[in-house]
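For reference, the structure is listed below as structure tokens.
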Amino acid sequence: MASTVKQSRRPGWLTRPVVLVVLTAFTLLVLAPFLVVALNAFKTPAEYASNGPLSLPGGLHLQGIVDFWYRVDFGEKLWNSFLISASVAVLAIVISVLNAYAIGIGRLRGRLAFLMFFLLANLLPQEALVYPLYYLSKLVGLYNTRLAVIIILTAIQAAFGTYLLSSVFRDFPRQLLEAAALDGAGKWRVLWRVVVPTNWPTLSVLFTFFFIWTWNEFFLPLIFLISNDNQTVPVALGVLQGDRMMDATTTSASALLGIVPAVLFFLIFQRTLTRGVMAGAVK
Amino acid sequence: MNRSSKTGATRKTGAVATALVAVAALGLSACGADADDSGDGKSLRLWHFEGANSAMGLAWAEAIKQFEASHPGVKVTYEEKGFEQIRQNAGMILNSDQGPDILEYNKGNASAGLLSKQGLLTDLTAEAGKRGWDKAISPSVATTSKYDQAGIMGGDKWYGVPNYGEYVMVYYNQDLFDKYQLKVPTTLAEFESVMDTFVQNKVTPLSVGGAEYPAQQIFYELALSKANRSFVDDYQLYKNKVNFTGPELTYGANTFADWVRKGYLGKDSAGIKAEDMGVAFSQGKYPILISGSWWFGRFSDEIKNFKWGTFLFPGNTLQPGSGGNLWVVPTSSKNKQLAYDFIDITMKPEIQNLLGNSGGVPLAADPAAISNPKAKELIENFNKLNSSDGLAFYPDWPAPGYYDVLVAGMQNLINGSKKPEQVLDEIAKPYNDNLASIGK
Amino acid sequence: MVNTLTRARPAAAGRGRSRRDRARRSRTDRGYLVFLIPGLLLFLAVIVVPLLMNIGISFTRWQGIGTPEWIGLENYDRLLHDANFWTSFRNIIFIILAMAVLPTLLGLFLAAVLFDYVAKRIGPRTASVFRSGLYLPQVLPVAVTGIVWGWILHPGYGALNQILDRIGLGSLAHNWLGDPKYALWSVMAVMVWFQLGYPIVMFMSGLQRVDPELYEAADLDGAGWWQRFTRIAVHLIKPEIYVVLVTTTIAALKIFGQIFVLTRGGPGNSTLVPSYFAYQNFFEKANAGYGSAIATVLTVIIVALTYVFLRLQTRDERRDGS
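Sequence lines, in order, name chains E, C and H.
Just so we're aligned, residue 882 is where the first sequence starts under my numbering, counting upward by one.
Just so we're aligned, residue 922 is where the second sequence starts under my numbering, counting upward by one.
Just so we're aligned, residue 1013 is where the third sequence starts under my numbering, counting upward by one.
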């Protein structure tokens, strides 16, 4: 792709290193907080107490990380977080695609009203939902289940998905739809055989967003997952914050454990981001 | 874009998506089957939020062991909880069938008091009498265990049992005191002259966390230096209306502002969290820290580079302090008898001594069994306060959400952005609003 | 189904605006409504019913448990006279600036540099490394964000003040989170840091759609890099710009976690925001009725603003569609 681009006529031999240095410095600045976390995760509590959070650790002190892992049964928390995030991402995409197919391609009357309706999930401050959802989930026996969190977060994430996909699908080339229709395909088949495949890049970006957003969700899991064996990683990080005590080195260790899976996931999927959120349209 | 590579990618993404749908389906089916092991007398579900290495954590782990030994066939299912999670959700959790059989909970009107008023906690009065808890726990500590119908502490019914006490004191860096030839002060005037010496030597004497609870506890200490028990009863138990422009609180606010002006505490301490305050003291950056007994165990473990000691806030007969967090038994508990048995074990001398030797302040320990001299001093100081009715609770207790009001007020004093009178006005209003809303 | 679809669409896709509009208006296809059913049901249960319940609660005095007591508009009356409520709305304007406006502008610029310059002159891999790096703050759990920034902005040992000291700018060192003069600005800076990656990712992916031929044509016309960027790129990724602006503005209005971990609304309410104010009432003061009233007002404002945004976007899309 890069080879097809014509070289600019202006020389600018100086621009290249300058841009590179400035960008690198800026990116390192943005990443500095991650380094601080890593720094403290490997310290002993005594080192932290005598030298503060910004000193270098005297050695690799892995005990904090190991202790935290066993203390909260971190493997179980990872599985819960993964289960919830993956389920929400998949379900939210399915709901978003269905909604957007009707709104964006079906061009329903009152598109704006429908969009506003679905966006409501994203607009409501979460505190407003807590008490009502608590009573509703108790009513149907879903309080303290991961399913409750999955259902609620699916709606919230699907709001964004519906909004974004509706706008992408609006620009979907009509020729493709019409060609498929001439071949005798029904709406259902057009959706799965034509619309969804051509929009994979957008859907995979959505998947990444949904997964990470759900992974980091704190407030709703805190309220709906009260048993330890249902809890997610961010909620487990909360056990370190005591009434009047906080153990900073263990917090860093746990933070590192909390970041690593999300970063890994992001790195695995980040190449999908290259392909574009709205790259669905075929030239 | 290259068509063939794109379809290849599509196929791969398709496979990934199929796998993920499978995971999701698995998740959905697994989610419904949350075990509901309830009241068969075979298990006790217990929650608390103390770290495993803290005095309480150690003592309670031992109590669980003893409980299982004396109750063969009963398993204790312990879950470590986050403080924030319990604080925020206790009402919702206990109002469902998913709660524990027994849990540690915060004392005070806005916490245990509110839950007792909402009918979510079991009345323990009969058990407390039968098992002698009401004898083991002194009346001033028991204030936070007993609530009235409106959920106000100092009432007539037991709703919780504390295992330990806590109080605010002065921690000092002995090496720095020696360096400037300073002695432990016994009056407020001596205390101020100690701090003056530090200021003259360009050392900020007080490590203060103005973003959280510590600043308001200093303010309260100062107010208490002019107060008697009836002020505390008025302020905390609403016996009479509190005059926010009266001598106690006025002295507290003015002196606090004075201390800022004289440089006893840094102007930048408004944004400091309690954690950082403690760390700064243990690094030897400040010679004095005024805060609670909850730091004691940690300082014992972590301060290696200098000698340190404690003394009670000089000249005060009243100190901020109270019984510790409570064991409460939810109304929805399915194993109440087992829960009572467990509380009983936590009050036994072995457990209480262990708590004391681990840096806590036990309520019913045998002082002779405490080996560490510093810990002994800590416990003796508490017993002294306790027997002289010197526990004055904490300034943020009287109204729900008052903590934030006081933090904001103290930050304004530290920053000098408001005058003491203005701050007193500001903190009077929510206090009186609360009185009105509970009909006092 | 097949028949309706073929009937609904004219054989040749009309690009003309009038024809498209007419098609939409006269032949709206009801067959598509079926696809909305799962979504509608889900949203009804999870969003609409709770929203109505919340509005109901806002007319009561209620502690979250037990029987609510109907008090009519009292909570709303109290809200109007509550200075904290107004402070929280003044602060939220600054937060919108930091979470929506600045990241969008900065994100546009950085996305263009990365896509247009770094990817083409240095290599697409380098560009994607930078993009990943800048996106990472979004991945950091909020609780951790609070702790780490607390360390960096600490007035005593904080990295920022130490660095300022070391380069001889010690006079610029401040008590970043503890002084009401600077706390809001510090929170804003953290929010820009947190939010920047999102627009960069969105815009860079949008730029992929831009036809390279358009650029070459512009090059031939002698347009500079900046002109090419503002005239072609910004215009073509308008959908992404709208999406980013709408979602970040909503996120700003709802901001809670970062305030909770950084300042808890302090010092002296100087960083109080509506969501945290509602939270205080819901959970710290056991004042669910008042909390619901705050949340309801906030919801109304967010819905109204979003509606305006969407109207603008729809109008813009129609204009561009011709």
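Virtual Cβ for every residue (Gly too), placed ideally from N, Cα, C.
Opposing strand residues paired with residue i [DSSP bridges]
| i | result |
| --- | --- |
| threonine 998/C | Arg966/C |
| threonine 1231/C | Tyr1092/C |
| methionine 1203/H | Its beta-bridge partners do not exist; DSSP assigns none. |
| glutamate 1081/H | Arg1073/H |
| valine 1249/C | Leu1024/C |
| valine 1082/C | Trp1248/C |
| glycine 1242/C | Tyr1088/C |
| isoleucine 1209/C | Tyr1093/C, Leu1127/C |
| proline 1283/C | Tyr1085/C |
| leucine 1042/C | Pro1251/C |
| leucine 1186/C | Leu1127/C |
Residue i, buried or exposed, once every other Cβ within 10 Å from all chains shown has been counted against 16
| i | result |
| --- | --- |
| leucine 1053/H | exposed |
| leucine 993/E | exposed |
| valine 902/E | exposed |
| asparagine 1149/C | exposed |
| serine 1214/C | buried |
| leucine 943/E | exposed |
| glutamate 1133/C | buried |
| phenylalanine 1071/H | buried |
| glycine 1230/C | exposed |
| glutamate 1225/H | exposed |
| phenylalanine 1121/H | exposed |
| glutamine 1273/C | buried |
| glutamine 1121/C | exposed |
Straight-line gap, residue i to residue j (C-alpha atoms, nearest Å)
| i | j | result |
| --- | --- | --- |
| valine 1273/H | alanine 1047/C | 42 Å |
| tyrosine 1012/E | isoleucine 1108/H | 27 Å |
| glutamine 1075/H | alanine 1300/H | 5 Å |
| asparagine 1087/H | serine 1304/H | 9 Å |
| arginine 1182/C | glutamate 1347/C | 21 Å |
| glycine 1180/H | glutamine 1270/H | 31 Å |
| glutamate 1342/C | leucine 1327/C | 14 Å |
| tyrosine 1324/C | alanine 1136/C | 11 Å |
| leucine 1176/H | asparagine 1103/H | 27 Å |
| glycine 1060/H | isoleucine 1149/E | Per the sequence shown, the amino acid found at residue 1060/H is valine instead of glycine. About 36 Å. |
| phenylalanine 1099/E | glutamine 1112/E | 10 Å |
| aspartate 1055/H | arginine 1070/E | The amino acid at residue 1055/H is misidentified as aspartate; the sequence shows phenylalanine. Computed Cα separation, rounded: 25 Å. |
| threonine 1308/H | alanine 1009/E | 8 Å |
| phenylalanine 1177/C | leucine 1334/C | 8 Å |
| arginine 1052/C | methionine 1331/C | 43 Å |
| threonine 885/E | glycine 1065/E | In this prediction, threonine 885/E scores a pLDDT of 39, lower than 50, which makes its location untrustworthy; no coordinate-derived value is stated. |
| aspartate 1262/C | phenylalanine 988/C | 8 Å |
| serine 964/C | threonine 1065/C | 29 Å |
| valine 969/E | leucine 1091/H | 36 Å |
| leucine 1001/E | isoleucine 1104/E | 21 Å |
| leucine 959/E | methionine 1065/H | 34 Å |
| threonine 1267/C | alanine 1112/H | 54 Å |
| threonine 1040/H | leucine 989/E | Note that threonine 1040/H scores a pLDDT of 48, beneath 50, so its modelled location is shaky and nothing firm can be said. |
Cβ separation of residue i and residue j, assumed to be a contact under 8 Å, to the nearest whole Å
| i | j | result |
| --- | --- | --- |
| tyrosine 901/C | leucine 1103/C | The question about residue 901/C has no answer here: the residues shown for chain C are numbered 922 through 1361. |
| alanine 1247/C | valine 995/C | According to the sequence displayed, residue 1247/C carries leucine and not alanine. That belief does not hold up - the Cβ atoms of leucine 1247/C and valine 995/C are roughly 23 Å apart, past 8 Å. |
| threonine 1131/E | phenylalanine 923/E | Incorrect: roughly 12 Å between the Cβ atoms, too far for contact. |
| phenylalanine 1206/H | threonine 1157/H | 7 Å |
| isoleucine 1164/H | valine 953/E | About 26 Å separates the two Cβ atoms, so there is no contact after all. |
| proline 1279/H | isoleucine 1306/H | No, proline 1279/H and isoleucine 1306/H are not in contact; Cβ-Cβ is about 21 Å, not under 8 Å. |
Checklist entry - Listed from N- to C-terminal order along the chain, which residues in the region 927 to 940 of chain E have their beta-carbon within a distance smaller than 9 Å of any beta-carbon of chain C? => result Here the close residues are Ala927, Tyr929, Ala930, Ser931, Asn932, Gly933, Pro934.
Checklist entry - Taking any Cβ of chain H, which residues in the region 1331 to 1359 of chain C have a Cβ under 7 Å from it, in chain order? => result Gln1332, Asn1333, Asn1336, Ser1338
Item to check | Proximal residues, the region 1277 to 1311 of chain H versus chain C, C-beta separation under 8 Å | outcome: Gly1277, Gly1278, Pro1279, Gly1280, Asn1281, Gln1292, Asn1293, Phe1295, Glu1296, Lys1297, Ala1298, Asn1299
Item to check | Residues from the region 1057 to 1084 of chain H in contact with chain C, defined by Cβ distance under 8 Å | outcome: Gln1075, Gly1076, Ile1077, Gly1078
Checklist entry - What residues from the region 1042 to 1055 of chain E come within 9 Å of chain H, judged by C-beta to C-beta, listed N to C? => result Thr1043, Tyr1044, Leu1045, Ser1048, Val1049, Arg1051, Asp1052, Pro1054, Arg1055
Checklist entry - Quick one, which residues of the region 895 to 911 of chain E are near chain H if we go by CB-CB under 7 Å, in chain order? => result Arg897, Val900, Leu901, Leu904, Thr908, Val911
Next on the checklist: Residues of the region 979 to 990 of chain C in Cβ contact with chain H at a cutoff of 8 Å, in chain order, please.
Outcome noted: The residues in question: there are none.
Checklist entry - Going along the chain, which residues of the region 1118 to 1140 of chain C sit with their C-beta nearer than 9 Å to a C-beta in chain H? => result Gly1131, Ala1132, Glu1133
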